[in-house]
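**Q**
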Amino acid sequence: MNEVSEPGGRTRLCARTAVTAAVLLSGLLGGCAETVTGTERIATPDLSTLDVGELRTHPVTVPSNDNDTHGRVLESARLSEAVINPPDIDPALIYGTSTLLPTPGRVSVLAPEIAIEPIANFGMIAGYTVTGSDVTGQEPRVGEAKAMRFTVLSFRDDDIARMVAGRIDEADIARTPDAVRVHVPGHAGAYAHWRDRSPILFTTLAYRSFVIVVLAADRTRDEAALTTLTANALTAELPLLDAFEPTPPDKLSTMPFDDDAMLRRMLHPDEDRWPYPLADANGTAQDDSSWPDEGWGSGVVYGPRGVSHLLGRSPEGRDSPGAGVERAAFIGSRWLLRLSDPARARAMNVRLTNTSQHEAVTPPSGVPDSACFRNPAVTDAQRESRYYCFVLDGRYWAIVSAADEPTVKQRAAAQYALLVNARTII
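To get the working numbering, take the position in the sequence shown, counting from 1, and add 3.
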């Protein structure tokens with residue numbers, strides 16, 4: 004939800020929505036209760052007949068981390084588990100997504116209401132932002148939608164966080180000279196003010212070593228509505244931060260890359276190089292770098308709350324599409340989900356297969372329960388997502404993509420072999 008000035012002083016809020024996620028995983032909604040049929044998981048399937056080309060079919064060794072730049076991305080992904088989901092605060096805010104913010108520069112681009120000087124000068128460690136809106140699409144405009152961007156940034160200690168929260172507020176007031184102070188009920192320590200005589204409320208609050216920044220907007224300049232929305236969000240957030248133990252700054256460079264054994268189970272685009280964590284999937288320069296950056300990054304793993312941010316909630320108000328997903332890992336355009344049990348994974352796979360609106364193509368031989376599709380609407384710039392396949396093994400479900408049918412089938416077969424060969428991993 005980026006703020007952009009328009010001619011005549013009008014402002015709009017640009018919400019990045021995970022279109023790909025919403026389309027592919029909409030079938031998760033209500034799918035876990037279904038009774039489904041399919042191939043039982045074979046104890047020792049014969050993988051020798053699979054056409055995998057030259058692709059790797061065994062898990063690789065995970066390198067050790069010696070770089071706090073990687074650690075800041077990993078810590079930002081960890082932080083997702085301690086951030087509220089807008090639909091939980093207001094059921095109308097179902098459209099939106101989330102983004103890793105491991106650097107001040109990324110904050111300044113993706114959450115530009117936050118002044119870069121305080122967070123850069125006082126050593127921001129990690130950050131995470133989630134958006135919600137009651138209007139679907141890329142650019143809900145101020146005055147035409149209810150929307151919220153909720154950002155959490157971490158710092159070295161409580162004193163620094165308090166200082167940064169005040170300076171972020173001061174910086175915003177300096178560029179909004181007609182700002183009017185507003186009280187947020189139940190949060191006496193919060194800084195809050197209206198912006199530009201428009202229905203936008205800007206709030207910062209320091210809590211422990213964190214700074215929370217809330218940008219809330221509505222169709223009308225209703226102080227009670229926006230302060231209540233903000234107060235409810237802050238009230239829900241504080242217990243999540245209480246339960247979160249931040250990684251000490253001197254331990255960032257030793258954070259493990261794959262302690263959930265998710266990335267080891269995935270097909271890596273560059274088999275000679277570990278998929279080091281990146282906040283922007285478009286920074287991979289790998290075979291699938293043309294896939295649009297949806298905000299989830301690459302070489303990172305999310306827990307159930309992070310998954311709920313990425314997948315949102317149905318317009319009908321049903322549970323998050325991510326219900327039952329324990330972990331989600333991403334390497335470029337490739338996904339791996341771990342569900343709570345094989346039945347949920349199978350139900351999800353069946354529903355996604357049966358509800359796909361894209362052209363079905365023959366799945367690879369020897370890969371049970373796989374399904375492949377062609378999306379004719381994909382442009383050449385995003386050609387690596389033209390063909391995609393679902394792969395299932397036990398409670399693990401993966402998606403791989405490619406520009407052509409033979410390649411996507413080889414990738415699906417290799418991904419299945421990887422999952423089978425990785426069954427002994429914790």
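Every residue, glycine too, gets a C-beta built ideally from N, C-alpha and C.
Assign ALA18 to buried or exposed, taking buried as 16 or more other Cβ atoms, counted over all protein chains shown, within 10 Å of its Cβ.
**A** Residue confidence is low: ALA18 scores 40 on pLDDT, short of 50, so the model does not pin down where it sits. Its coordinate-derived value is still stated next. Under this definition ALA18 is a buried residue.
**Q** Does the distance from the C-beta atom of LEU313 to that of ALA85 stay below 8 Å?
**A** Result no, Cβ atoms of LEU313 and ALA85 do not sit closer than 8 Å.
**Q** Which residue's Cα is closest to the Cα of VAL217: PHE247, ARG224, LEU208?
**A** Here the closest residue by C-alpha is LEU208.
**Q** Between SER311 and ASN235, what straight-line distance do the alpha-carbon atoms span, to the nearest angstrom?
**A** Taking the straight line from one Cα to the other gives about 19 Å.
**Q** Does the segment 99 to 117 come close enough to the segment 324 to 341 to have 3 or more Cβ pairs within less than 8 Å?
**A** Short answer: they don't touch.
**Q** Count the other CB atoms, across all protein chains shown, that sit within 10 Å of the CB of VAL112; report buried if there are 16 or more and exposed otherwise.
**A** Burial call: exposed.
**Q** Enumerate in chain order the residues of its own chain whose CB-to-CB distance from ARG440 is below 6 Å, with the five nearest sequence positions on each side excluded.
**A** The first residue shown for the chain is 4 and the last is 429, placing residue 440 beyond what the model contains.
**Q** Rounded to the nearest angstrom, what separates ALA168 and ASN357 at their Cα positions?
**A** ALA168 and ASN357: Cα-Cα distance of roughly 49 Å.
**Q** Give me the Cα-Cα distance between ALA420 and HIS196, rounded to the nearest whole angstrom.
**A** If I take the Cα positions, the gap works out to 56 Å.
**Q** On the DSSP bridge list, what partners appear for TYR419?
**A** Answer is none; TYR419 lacks a bridge partner.
**Q** Where are the beta strand (DSSP E) runs, 3 residues long or more, that stay fully inside the segment 145 to 195, in chain order?
**A** You should have 150 to 157.
**Q** In whole angstroms, what separates the C-alpha of LEU77 from that of VAL353?
**A** Cα to Cα, LEU77 sits roughly 32 Å from VAL353.
**Q** Which residues bound the alpha helix (DSSP H) around VAL394?
**A** Element bounds for VAL394: not the alpha helix (DSSP H) but the beta strand (DSSP E), 390 to 396.
**Q** Return helix, strand or coil for GLY108, following the three-state DSSP convention.
**A** Correct three-state label for GLY108: helix.
**Q** So what's SER404 in DSSP terms, helix, strand or just coil?
**A** Three-state DSSP puts SER404 in a strand.
**Q** As a quick exercise: from GLY140, VAL214, GLU173, GLY189, pick the residue whose alpha carbon is nearest that of ASP162.
**A** Comparing Cα-Cα distances from ASP162 to each of GLY140, VAL214, GLU173, GLY189, the minimum goes to VAL214.
**Q** Rounding to the nearest angstrom, what Cα-Cα distance links ARG414 and SER404 in this structure?
**A** Cα-Cα distance, rounded: 8 Å.
**Q** PHE376 to ARG389, Cα distance in whole Å?
**A** When rounded, the distance between both Cα atoms is 8 Å.
**Q** So which of TYR131, PRO366, PRO272, ARG426 has the shortest CA-CA distance to ARG308?
**A** Checking every option, the nearest Cα to that of ARG308 belongs to TYR131.
**Q** In three-state terms, what does DSSP make of VAL63?
**A** Coil.
**Q** When we look at the beta-carbon of ARG81 and count the other beta-carbons within 10 Å, is it buried (16 or more) or exposed?
**A** With 16 or more other Cβ atoms within 10 Å, it is buried.
**Q** Would you report the Cα separation of ILE428 and MET265, rounded to the nearest angstrom?
**A** Cα-Cα distance, rounded: 10 Å.
**Q** Is the distance from the Cβ of ASN68 to the Cβ of SER256 below 8 Å?
**A** Cβ distance < 8 Å, so ASN68 and SER256 count as in contact.
**Q** What is the residue span of the alpha helix (DSSP H) that SER79 lies within?
**A** Taken as a continuous stretch (DSSP letters only), the alpha helix (DSSP H) holding SER79 covers 71 to 82.
**Q** Determine whether the beta carbon atoms of ILE203 and PRO272 lie at a separation below 8 Å.
**A** Taking 8 Å as the Cβ cut-off, ILE203 and PRO272 do not qualify as a contacting pair.
**Q** To the nearest whole angstrom, what separates the beta carbons of LEU339 and ALA401, a pair I think is in contact under 8 Å?
**A** 5 Å between Cβ atoms; contact.
**Q** Looking at THR60: is its Cβ nearer than 8 Å to the Cβ of ASN378?
**A** Taking 8 Å as the Cβ cut-off, THR60 and ASN378 do not qualify as a contacting pair.
**Q** Check this for me: beta carbons of ASP275 and ARG267, under 8 Å apart or not?
**A** Not a contact, by the Cβ cut-off of 8 Å.
**Q** Could you tell me the distance, in whole angstroms, from the CA atom of THR134 to the CA atom of VAL364?
**A** When rounded, the distance between both Cα atoms is 35 Å.
**Q** For GLY397, which residues of its own chain have a beta-carbon under 8 Å away from its beta-carbon, when the five flanking residues on both sides are left out?
**A** Excluding sequence neighbours, GLY397 sits near ARG44, PRO345, ALA348, LEU422, ARG426.
**Q** Label PRO66 either buried or exposed according to how many other C-beta atoms from any shown protein chain fall within 10 Å of its C-beta, with 16 as the threshold for buried.
**A** That one is exposed.
**Q** Roughly how many angstroms separate the alpha carbons of ALA95 and ALA220, rounded to a whole number?
**A** Those two C-alpha atoms are separated by around 13 Å.
**Q** So the candidates are VAL370, MET269, ARG337, GLY140; which of them puts its Cα closest to the Cα of THR64?
**A** The option with the nearest alpha carbon to THR64 is MET269.
**Q** Does DSSP classify GLY246 as helix, strand or coil?
**A** Just to set this straight, residue 246 is Ala in the shown sequence, not Gly. In this structure, ALA246 counts as coil in the three-state DSSP scheme.
**Q** Could you please give the first and the last residue of the uninterrupted beta strand (DSSP E) stretch that includes SER311?
**A** Run containing SER311: none in the beta strand (DSSP E); it sits in the alpha helix (DSSP H), 307 to 314.
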